[in-house]
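Q:
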Ligand code: HEM
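Numbering (the numbering used here), first residue to last: 20 to 256.
1) Can you tell me the Cα-Cα spacing of residue 221 and residue 82, whole angstroms?
2) Consult DSSP for residue 58 and reduce its assignment to one of helix, strand or coil.
3) Please give me, in chain order, every unbroken run of the alpha helix (DSSP H) with length at least 4 that falls completely inside the stretch 108-151.
4) Under 8 Å, with one C-beta from each stretch per pair, do the stretch 61-80 and the stretch 126-140 reach the 3-pair mark?
5) For residue 25, which option in 192, 250, 213 has the closest C-alpha, if you only look at C-alpha atoms?
6) Touch check for the stretch 141-157 and the stretch 89-101: three-plus C-beta pairs under 8 Å?
7) Is it a yes or a no for the stretch 206-219 touching the stretch 27-44, going by three-plus beta-carbon pairs under 8 Å?
8) Return the residue from the list 22, 58, 72 that minimises the CA-CA distance to residue 228.
9) Tell me which residues share the same chain as residue 194 and place their Cβ nearer than 6 Å to its Cβ, disregarding the 5 neighbours each side in the sequence.
10) Per DSSP, what kind of secondary structure is residue 99 in: helix, strand or coil?
11) Does the beta carbon of residue 173 fall short of 7 Å from some heavy atom of the ligand HEM?
12) Can you have a look at residue 46 and say buried or exposed, based on whether 16 or more other CB atoms are within 10 angstroms of its CB?
13) Which first and last residues belong to the alpha helix (DSSP H) in which residue 174 is found?
14) To the nearest angstrom, report how far apart residue 27 and residue 59 are at their CA atoms.
15) Pick helix, strand or coil for residue 197, following the three-state DSSP scheme.
16) Is it the case that the Cβ atoms of residue 197 and residue 176 are separated by a distance below 8 Å?
17) Going by C-alpha distance, which of 182, 53, 186 is nearest residue 142?
18) Let me check you understand the geometry: is the CB of residue 208 closer than 7 Å to at least one non-hydrogen atom of the ligand NAD?
19) Measuring CA to CA, which of 42, 206, 68 is closest to residue 124?
20) Straight-line CA distance for residue 23 to residue 78?
21) Beta carbon of residue 86: closer than 7 Å to some heavy atom of the ligand HEM?
22) Buried or exposed: where does residue 173 fall if 16 or more other Cβ atoms within 10 Å of its Cβ makes it buried?
Encoded structure:
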């Protein structure tokens, strides 16, 4: 079972991610979009989307720092275990809570605003569901497990395991004694990777950075737009 969960399953999910993305890119480039619903509702979207995106960007950077950089580097730099975990818990806690709050606002918006709900596909709920589960489990580990127990040293277990997966020599034994919440977090995250090519999450892989610099787009109510045109027409008189 352990070999399946920590060796076979991760590659199954990563293969689905890769093959799913290549297939979708080949057959559905027009559908390769985040399907913006800004036109349908803006206030909750702005709050939820900003909280989620800023939160998750910093959570991602935290994962790179905690999992891809070996513990030896921190020791060589003189960063004590205590200082590392204190910083990781504070930064991870704040940014993880931002991401979770953002996701809950986005879910509420999708359920409560009728025209957003009408434009929601089942895949949108699948993406939100996996995101909420992954973030909530990660956050429970950081803020509940680590506070009620001693901070868990994932840099000697999960870290080397994930680097092994990426370098194609995973060692399932490293994951044997990892706390259940963290194991569930990782299994859910892998499932999220597997489903993402079939959802609006594909936009992550296009790195939409140009979006941040694009000219602003204005949406106006139809009535307000007509009044604006009228106003412009009368302006010269
Ligand atoms: C296979 C991939 C992943 C691994 C190995 C992994 C591993 C971890 C680890 C070791 C922690 C720290 C737990 C602690 O504080 O003791 C954590 C926390 C967390 N993870 Fe992940 N994670 C993965 C993917 C993801 C994904 C895809 C998301 C979001 C969609 C995510 C969101 C979070 C959040 C919000 C936290 C709590 C805040 C933090 O400590 O950064 N993780 N994860």
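Here a beta-carbon is modelled for each residue, glycine too, at the ideal position from N, C-alpha and C.
A: Taking the coordinates as given:
1) Cα to Cα, the separation comes out at about 20 Å.
2) Reduced to three states, the DSSP call for residue 58 is coil.
3) Note on the stretch 108-151: whole alpha helix (DSSP H) runs with a minimum of 4 residues are 133-137, in chain order.
4) By the Cβ criterion, the stretch 61-80 is in contact with the stretch 126-140, since at least three pairs of Cβ atoms, one from each stretch, lie closer than 8 Å.
5) Per the Cα distances, 192.
6) Output reads no: the stretch 89-101 does not touch the stretch 141-157.
7) Because the criterion of three Cβ pairs below 8 Å is met, the stretch 206-219 and the stretch 27-44 touch.
8) Of the candidates 22, 58, 72, the one whose C-alpha sits nearest the C-alpha of residue 228 is 72.
9) A distance below 6 Å between beta-carbons, with the five flanking residues on each side excluded, links residue 194 to the following residues of its chain, in chain order: 25, 180.
10) In the three-state reduction of the DSSP assignment, residue 99 falls in the coil class.
11) Residue 173 Cβ: within cutoff of the ligand HEM.
12) With fewer than 16 other Cβ atoms within 10 Å, it is exposed.
13) Run containing residue 174: none; DSSP gives neither H nor E here.
14) Rounded to whole angstroms, residue 27 to residue 59 spans 42 Å at the Cα level.
15) Here residue 197 sits in coil by DSSP.
16) If you check the CB distance, residue 197 and residue 176 come in under 8 Å.
17) Ranking 182, 53, 186 by Cα distance to residue 142 puts 53 first.
18) As far as ligands go, the structure on display features the ligand HEM and does not contain the ligand NAD.
19) When C-alpha distances from residue 124 are compared across 42, 206, 68, the shortest belongs to 68.
20) Cα to Cα, residue 23 sits roughly 27 Å from residue 78.
21) At a cut-off of 7 Å, the beta-carbon of residue 86 counts as near the ligand HEM: some heavy atom of the ligand is closer than that.
22) With 16 or more other Cβ atoms from the protein chains shown falling within 10 Å of its own Cβ, residue 173 counts as buried.
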